[in-house]
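Novice: When we follow the UniProt record's numbering, the leftmost residue of the sequence shown carries the number 1, and every step to the right adds one.
What follows is a structure written as structure tokens; I'll ask about it next.
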Amino acid sequence: MSGIRSLSALSATASTSRVLNLHMVSEEFAEDPQYREAPFFRDSTLNQAVIIKHRFRSDEAYLVPSGGAVGTKIVFPLDRSDLRVGGQFIFINETGYKDSLMNVVGVRGEDLEHDLETLRLLNTIPSLDPFLVREQLRRHNRTPADCYFSISPADTARMLTFTEVEMFPLIKLAYGDGGSDLNPELVGRLANALLSTNADSRLEPLRLTLGLEGIQFRDGIFSWKGFIFYKWQFSESMVALSKIGPEMDTIKIKGRPDRVSKELANDLKKSIRENIRATALNCSRVLALYDDAFRDLVHRGHTAAFRKFLLDAPLLFVELGHMMGMVSHIVSYWAYRFRVAEKGGIHIEEYLDILREFSVGLSPRRH
1 MSGIRSLSAL
11 SATASTSRVL
21 NLHMVSEEFA
31 EDPQYREAPF
41 FRDSTLNQAV
51 IIKHRFRSDE
61 AYLVPSGGAV
71 GTKIVFPLDR
81 SDLRVGGQFI
91 FINETGYKDS
101 LMNVVGVRGE
111 DLEHDLETLR
121 LLNTIPSLDP
131 FLVREQLRRH
141 NRTPADCYFS
151 ISPADTARML
161 TFTEVEMFPL
171 IKLAYGDGGS
181 DLNPELVGRL
191 ANALLSTNAD
201 SRLEPLRLTL
211 GLEGIQFRDG
221 IFSWKGFIFY
231 KWQFSESMVA
241 LSKIGPEMDT
251 IKIKGRPDRV
261 SKELANDLKK
271 SIRENIRATA
281 LNCSRVLALY
291 DDAFRDLVHR
301 GHTAAFRKFL
311 LDAPLLFVEL
321 GHMMGMVSHI
331 VSYWAYRFRV
341 AEKGGIHIEE
351 YLDILREFSV
361 GLSPRRH
């Protein structure tokens, strides 16, 4: 087990895809009956931890010998009332992982085995976005309370304007003929309501338009939020991803690479460019299913078809979540590596390692 400095910045800046902040959930929903009745983890200490997807640096590969480029870190705050104190962390599947976890949580038996399986399920996905996590757990008969599946405050702020634009056609439909003169503040309030954790009374006009009740309304709104999240993430990531191709050719290599290394680098760069195009096309294809269904609702009034699409949509979140999770990791890691390499260059062996990681990360997922 190792230490980590202040955790306080996580709540303000962390991305939805990288961090599952169970500590924040415990603070915000401690009195919520659903939070108590359907916990994410059975152990209370684990249920207040912070789970983080972590891309290993070259000097960290030894930590999880059997792992890949991205690992899953469990962080236990040292002082739950003051995250500035920092915390202790364990990587899933690090040497002595199970013993280290038992030392922290102090439980054994069936409850621990249940939680270990939940951790294993989290470790097998590339992202912690709530839509992928919820569907991953649902497929294995795990149904934590809705409060665990929210978009981070930082991402909510970043995607608010995008959400307003996406929602506007349906808001206009819900408010009838006067929709063309909708108050921007109303649109903003409804966008905020959609991005909040719970589908509340502010969304009543949209509920009536969609003809959804109870649990179906909750699930339908969650699916709609998921597609808006993935569309926003796709638009943000693809701009950055498109820059990687040209930037790969401008990296300064230290020393004089031999012919074999140059040829290998060229082959890997070609593979990465092809995989970038394929990933963009695959994401676009899945998102187009949503766009078509939404267009049919707004322009042709096909409410029943859109309603059915939303309720069936989580099946698509597994594919979208895997693709966007790997893209998100690659974009952020490349930006970091490129800045470092621009300053002083990198050795050919390190460059080839990066290219190999990217080539594998962007390869089609095995089902």
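Cβ atoms here follow ideal geometry from the backbone N, Cα and C, with glycine treated the same way.
Can you tell me whether K53 is buried or exposed? The criterion is at least 16 other CB atoms within 10 Å of its CB, across all chains shown.
Specialist: So K53 ends up on the buried side.
Novice: For the beta strand (DSSP E) containing N266, name the first residue and the last one.
Specialist: Careful: N266 lies outside any beta strand (DSSP E), inside the alpha helix (DSSP H) at 259-300.
Novice: In angstroms with no decimal places, state the Cα-to-Cα distance between G179 and L297.
Specialist: Low local confidence applies: a pLDDT of 49 at G179 is under 50, so the model's placement there is unreliable, with the coordinate-based value given in what follows. Each residue's Cα considered, the two are about 16 Å apart.
Novice: For F317 and G255, what's the separation of their Cα atoms in angstroms?
Specialist: Approximately 45 Å, taken between the alpha carbons.
Novice: Where does N183 sit, in a helix, a strand or coil, going by DSSP?
Specialist: Residue state, collapsed to three classes: coil.
Novice: By the 10 Å Cβ neighbour count, where 16 or more other Cβ atoms means buried, how is R134 classified, buried or exposed?
Specialist: It is buried - the Cβ of R134 has at least 16 other Cβ atoms within 10 Å.
Novice: Could you compute how far the alpha carbon of H322 sits from the alpha carbon of S100?
Specialist: In a straight line, the C-alpha of H322 is about 29 Å away from that of S100.
Novice: If you draw a straight line from the C-alpha of T16 to the C-alpha of E274, how long is it?
Specialist: Their backbone Cα atoms lie some 28 Å apart in a straight line.
Novice: Would A145 pass as a contact of A49 if the rule is Cβ separation under 9 Å?
Specialist: Cβ atoms of A145 and A49: not closer than 9 Å.
Novice: Grab me the residues of V327's own chain with a C-beta within less than 7 Å of its C-beta, minus the 5 sequence neighbours each way, in chain order.
Specialist: Here the set comprises S237, L241, T279.
Novice: Tell me which residue opens and which closes the beta strand (DSSP E) that N21 is part of.
Specialist: Looking at the DSSP string, the run of the beta strand (DSSP E) that includes N21 is 19-21.
Novice: Report yes or no: do the stretch 27-36 and the stretch 348-356 share at least 3 C-beta pairs separated by less than 8 Å?
Specialist: These segments do not touch.
Novice: Following the continuous alpha helix (DSSP H) through Q216, name the residue where it begins and the one where it ends.
Specialist: It spans 214-248 - the alpha helix (DSSP H) in which Q216 sits, taken as one unbroken run.
Novice: Would a C-beta distance cut-off of 9 Å place I171 and L190 closer than the cut-off?
Specialist: Yes, these two residues count as a Cβ contact at 9 Å.
Novice: Going by the beta-carbon positions, is the gap between F149 and F222 smaller than 9 Å?
Specialist: Yes, these two residues count as a Cβ contact at 9 Å.
Novice: Between D267 and T250, what straight-line distance do the alpha-carbon atoms span, to the nearest angstrom?
Specialist: Going by the C-alpha atoms only, they are around 16 Å apart.
Novice: In whole angstroms, give me the CA-to-CA distance for V165 and V260.
Specialist: Near 50 Å, if we compare the C-alpha coordinates of V260 and V165.
Novice: Identify the continuous alpha helix (DSSP H) that holds T163 and give its terminal residues.
Specialist: Where T163 is concerned, the enclosing alpha helix (DSSP H) stretches over 153-174.
Novice: Can you check which of these residues, P77, N93, S271, is closest to H23 by C-alpha distance?
Specialist: Answer by Cα proximity: P77.
Novice: State the DSSP-derived secondary structure class of E350, mapped to helix, strand or coil.
Specialist: Helix, per DSSP.
Novice: Using 9 Å as the threshold, is the C-beta distance between D200 and L310 below it?
Specialist: No.
Novice: Of all the options V19, E60, H299, I151, which has the alpha carbon lying nearest to the alpha carbon of P126?
Specialist: With distances taken between Cα atoms, P126 lies closest to V19.
Novice: Is the distance from the Cβ of K252 to the Cβ of G345 below 9 Å?
Specialist: For K252 and G345, yes; Cβs fall inside 9 Å.
Novice: Kindly indicate which residue of F41, P246, F56 has the alpha-carbon position closest to the one of E110.
Specialist: Closest option to E110, Cα to Cα, is F41.
Novice: For I51 versus V70, is the C-beta spacing smaller than 9 Å?
Specialist: Not a contact, by the Cβ cut-off of 9 Å.
Novice: Could you work out which residue in Y175, V239, S359, N93 is closest to P65 when comparing CA atoms only?
Specialist: The shortest Cα separation from P65 among Y175, V239, S359, N93 belongs to N93.
Novice: Would you mind working out which of A304, D115, G214, S359 sits nearest I330, comparing C-alpha positions?
Specialist: If we check each option's Cα against that of I330, S359 comes out closest.
Novice: In the DSSP assignment, what residue or residues form a beta bridge with I74?
Specialist: Answer by DSSP bridge pairing, in chain order: I51, I90.
Novice: Can you tell me which of the three DSSP states K254 falls into?
Specialist: Note: K254 maps to strand in three-state DSSP.
Novice: Helix, strand or coil: how does DSSP classify G3 here?
Specialist: For G3, the predicted model reports a pLDDT of 49, less than 50, meaning its position is unreliable; a value from the coordinates is still stated below. If DSSP states are grouped into helix, strand and coil, G3 belongs with the strands.
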